[in-house]
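Engineer: Sharing a structure with you now.
There are 2 protein chains.
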Amino acid sequence: MYLRSNITRLLQYRSCLTKFQELGFETIYSYNLGKHIGVSAEQIRKDFSKFNIRGNKKAGYNIEELITAINKIFKKNSPQNVLLIGYGNLGQSLIKYKGFSRSMFHIIAAIDIDPSKHKRKTLVPVFPPEKAPEIIKKHKITIGIIAVPDIAAQEVCNLLVKAGIKGILNFSSLVLKAPEDVQINNINLGNELEAIFYHIQLKQKNI
Amino acid sequence: MYLRSNITRLLQYRSCLTKFQELGFETIYSYNLGKHIGVSAEQIRKDFSKFNIRGNKKAGYNIEELITAINKIFKKNSPQNVLLIGYGNLGQSLIKYKGFSRSMFHIIAAIDIDPSKHKRKTLVPVFPPEKAPEIIKKHKITIGIIAVPDIAAQEVCNLLVKAGIKGILNFSSLVLKAPEDVQINNINLGNELEAIFYHIQLKQKNI
DNA sequence: CATTTTATGTTACTTTATTCACAAAATAAC
DNA sequence: GTTATTTTGTGAATAAAGTAACATAAAATG
């Protein structure tokens, strides 16, 4: 099936490769990896080739080299500081999320409009919106996570863009408007379920 | 730019159209909608055409008709029951998530391995894993949300598939293995940040 | 050391997705 | 009521993504 970008796949390869490595494997064949990810072997070789990752004829790919090569593609010279906007249920569970802490991305502060949250003992320091530009500049933050209600999402987006943020992970269900050079990725939980349900029905029809 | 499936776009159109409707608009042109979503007007007309949605030459599209037509594509004859697996931070924030409650999807129960959670006063009833098949059958659940640590994700997936689940929203960072007829959508928060960061760097190079 | 085997890497091909271009239809203007 | 304008709808053209095919190189075999 279609539609999974090559960089999304690279990240999936990496997580799978890590698993293989932990199991003690040292090399892997494109066919092998493909079977585990649900992608054709040719696709994997094409992806690697595109990013100039090469293996050994007959001997496959060295897992450690592969991981290193993929890491290099997504390389970060330093840990990246991330600002969370919206210290509600979702926001707090994002802070606690283990996947982030394992990575080079660190949510170092949060913004919330509710004054009561500024005082409370929180997981990360929580500031009022007007402090955002200062914090972004001070900590060289390039990525913001929008976890506020829809009604406030665009306003928050504008604030972030104005403060120089270049990447946004948007959990609101709005399609945000921002300049071309700002990368916005959307996670719309409701739409995910709708899409899953649509595909289920489609698959049942096609039987 | 590429890579946003037509059904993802349809859902985005709908959310944007709802907004326009709330603002009092009755009709909209493809160009108009496109500008707000960040998609070409031709793309929108093609998408609509593909799903047999048609407008009025010169007069554009009637917003209410559009929304009705899109709803019909994603139609659910009845509210869909969803089972949450993993009543941790993420799981609980998903239950509280307002976007779900507005939709036709309802998380009606959760599964967790921790016995202490079975007793506690919870947002939805929490059951041990062994109860899952029974609950799935009893409530005709077709979709499961996996919000457990990676280590348990594949096992949970197997359990769900065995119990007849046809759609999975997977928050673990593993690529799950399941039969072809099971629709799995992945939300990998770490990878989203990596991808955003990658695109930021790419955009800066291309300037 | 020649031969066979097997996995990569790349070119050619196919499919899918997007953009372009323009006819057709509906409205507005005169 | 005729003409001009504007927007849809679609077929052709282009671009991108994925699949298939196969030459090539490394390892294994005899």
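The listed protein sequences derive, respectively, from chains D and L.
With the first letter of the first sequence counted as 1, position 163 gets the number 162 in numbering that gives the first Met the number 0; the numbers rise by one all the way through.
With the first letter of the second sequence counted as 1, position 147 gets the number 146 in numbering that gives the first Met the number 0; the numbers rise by one all the way through.
The beta-carbon is built from N, C-alpha and C at its ideal position, and this holds for glycine as well.
Everything numeric in this text was worked out from a predicted model, so none of it was measured.
1) Within its chain, find whatever has a CB closer than 6 Å to the CB of Ile142(D); leave out the 5 residues flanking it on each side and keep chain order.
2) With a 10 Å radius around its C-beta and 16 neighbouring C-beta atoms as the bar for buried, classify Asp180(D) as buried or exposed.
3) If we define contact as Cβ-Cβ less than 9 Å, is Gln20(L) a contact residue for chain D?
4) Tell me the DSSP bridge mates of Leu82(D)?
5) Using a Cβ-Cβ cut-off of 6 Å (strictly less than) and excluding sequence neighbours within five positions of Ser164(L), which residues of its own chain qualify?
6) Quick check: what's the CA-CA separation for Lys176(D) versus Ala151(D)?
7) How about Lys171(D) and Pro148(D): are their beta carbons less than 9 Å apart?
8) Whole angstroms are fine: how far does the CA of Ala194(L) sit from the CA of Lys34(D)?
9) Taking a contact to mean a Cβ-Cβ separation below 9 Å, would you say Gly189(D) touches Phe24(L) in this structure?
10) Do Arg13(D) and Leu89(D) count as a contact pair if the criterion is CB distance below 9 Å?
11) Whole angstroms are fine: how far does the CA of His105(D) sit from the CA of Ile27(D)?
12) Taking just the CA atoms, how far does Glu21(L) sit from Met103(L)?
13) For a test of the three-state rule: what should DSSP assign to Gly189(L), helix, strand or coil?
14) Establish whether the CB of Ala194(L) and some CB of chain D are separated by less than 9 Å.
15) Could you tell me if Arg44(D) is buried or exposed, where buried requires 16 or more neighbouring beta carbons within 10 angstroms of its beta carbon?
16) Quickly, what does DSSP pair Gln182(D) with across the bridge? List them, please.
17) Any idea what DSSP makes of Gly59(L), helix, strand or coil?
18) Do Ala108(D) and Val125(D) have their CB atoms nearer than 9 Å?
19) Might you give, ordered along the chain, the residues of its own chain that have their beta carbon closer than 7 Å to the beta carbon of Lys49(D), omitting 5 neighbours on each side?
20) Taking 9 Å as the CB-CB cut-off, is Tyr86(L) touching chain D?
21) DSSP three-state label for Phe73(D), please.
22) Assuming Ile6(L) is part of the alpha helix (DSSP H), what are its boundary residues?
23) With a threshold of 6 Å on Cβ separation, who are the neighbours of Leu159(L) within its own chain once the five nearest residues in sequence on each side are excluded?
24) Measuring CB to CB, does Ala162(D) end up less than 9 Å from Lys120(D)?
25) Looking at chain L, is there any beta carbon in it that lies within less than 9 Å of the beta carbon of Arg119(D)?
26) So Ile186(D) packs on Ile186(L), CB below 8 Å; how close in whole Å?
27) Output yes if chain D places a C-beta closer than 9 Å to the C-beta of His138(L); else output no.
28) Keeping to the same chain, check which residues put their C-beta closer than 6 Å to that of Ala68(D); ignore five residues upstream and five downstream.
Structural biologist: Checking against the coordinates, here is how it stands:
1) Mapped onto the first sequence, residue 142(D) falls at position 143. Here the set comprises Val81, Gly166.
2) Translated into positions along the first sequence, residue 180(D) becomes position 181. Exposed: under 16 other Cβ atoms inside 10 Å.
3) Position 21 of the second sequence, counted from the start, is the residue given in the question as residue 20(L). Not an interface residue.
4) Along the first sequence, read from residue 1 onward, the residue named residue 82(D) stands at position 83. Partner(s): Ala108(D), Gly143(D).
5) One-based indexing of the second sequence puts residue 164(L) at position 165. Ser is not the amino acid found at residue 164(L); the sequence shown has Ile there. Correct list, in chain order: Gly143.
6) In the first sequence, the residue the question calls residue 176(D) occupies position 177. In the first sequence, the residue the question calls residue 151(D) occupies position 152. So the two alpha carbons sit approximately 13 Å from each other.
7) Start at 1 with the first residue of the first sequence, and residue 171(D) comes out as number 172. Start at 1 with the first residue of the first sequence, and residue 148(D) comes out as number 149. Reading the sequence as shown, one finds Ser at residue 171(D) and not Lys. Yes, the Cβ-Cβ distance between Ser171(D) and Pro148(D) is below 9 Å.
8) Residue 34(D) sits at position 35 when you count from the first residue of the first sequence. Residue 194(L) sits at position 195 when you count from the first residue of the second sequence. In a straight line, the C-alpha of Lys34(D) is about 23 Å away from that of Ala194(L).
9) For the purposes of this step, residue 189(D) is taken as residue 190 along the first sequence, with counting starting at 1. For the purposes of this step, residue 24(L) is taken as residue 25 along the second sequence, with counting starting at 1. No, they are not a contact pair.
10) Residue mapping note: residue 89(D) aligns to position 90 of the first sequence, counting from 1. Residue mapping note: residue 13(D) aligns to position 14 of the first sequence, counting from 1. No, Cβ-Cβ distance for Leu89(D) and Arg13(D) is not below 9 Å.
11) Taking the first residue of the first sequence as 1, we reach residue 27(D) at position 28. Taking the first residue of the first sequence as 1, we reach residue 105(D) at position 106. Spanning the two alpha carbons is a distance of roughly 32 Å.
12) On the second sequence, residue 103(L) is found 104 positions in, with the first residue counted as 1. On the second sequence, residue 21(L) is found 22 positions in, with the first residue counted as 1. About 20 Å.
13) Reading the second sequence from its first residue, position 190 is the one you call residue 189(L). Of the three classes helix, strand and coil, the one that applies to Gly189(L) here is helix, per DSSP.
14) Taking the first residue of the second sequence as 1, we reach residue 194(L) at position 195. Judged by the 9 Å Cβ criterion, Ala194(L) is in contact with chain D.
15) By 1-based counting over the first sequence, the position of residue 44(D) is 45. Buried, by the Cβ-count rule.
16) Taking the first residue of the first sequence as position 1, residue 182(D) is located at position 183. DSSP, once it has assigned bridges, lists Gly166(D) as partnering Gln182(D).
17) Here residue 59(L) is taken as the residue at index 60 of the second sequence, counted from 1. Looking at Gly59(L) - three-state DSSP - the assignment turns out to be strand.
18) Within the first sequence, residue 108(D) is the residue found at index 109, counting from 1. Within the first sequence, residue 125(D) is the residue found at index 126, counting from 1. In this structure, Val125(D) lies closer than 9 Å to Ala108(D) by Cβ.
19) Position 50 of the first sequence, counted from the start, is the residue given in the question as residue 49(D). Result list for Lys49(D): Asn5, in chain order.
20) Stepping through the second sequence from its first residue, residue 86(L) is reached at position 87. Cβ-Cβ to chain D under 9 Å: no for Tyr86(L).
21) Position 74 of the first sequence, counted from the first residue, corresponds to residue 73(D). Correct three-state label for Phe73(D): coil.
22) As a working mapping, residue 6(L) is identified with position 7 in the second sequence. It spans 5–21 - the alpha helix (DSSP H) in which Ile6(L) sits, taken as one unbroken run.
23) Here residue 159(L) refers to the residue found at position 160 of the second sequence. Gly143.
24) Taking the first residue of the first sequence as 1, we reach residue 162(D) at position 163. Taking the first residue of the first sequence as 1, we reach residue 120(D) at position 121. In this structure, Lys120(D) does not lie closer than 9 Å to Ala162(D) by Cβ.
25) Looking up residue 119(D) in the first sequence gives position 120. Not one chain L Cβ lies under 9 Å of Arg119(D).
26) As a working note, residue 186(D) is residue 187 in the first sequence. As a working note, residue 186(L) is residue 187 in the second sequence. Confirmed, about 6 Å.
27) On the second sequence, position 139 is the one that residue 138(L) refers to. Not an interface residue.
28) Walking along the first sequence from the start, residue 68(D) turns up at place 69. Taken in chain order, the residues that qualify are Ile52.
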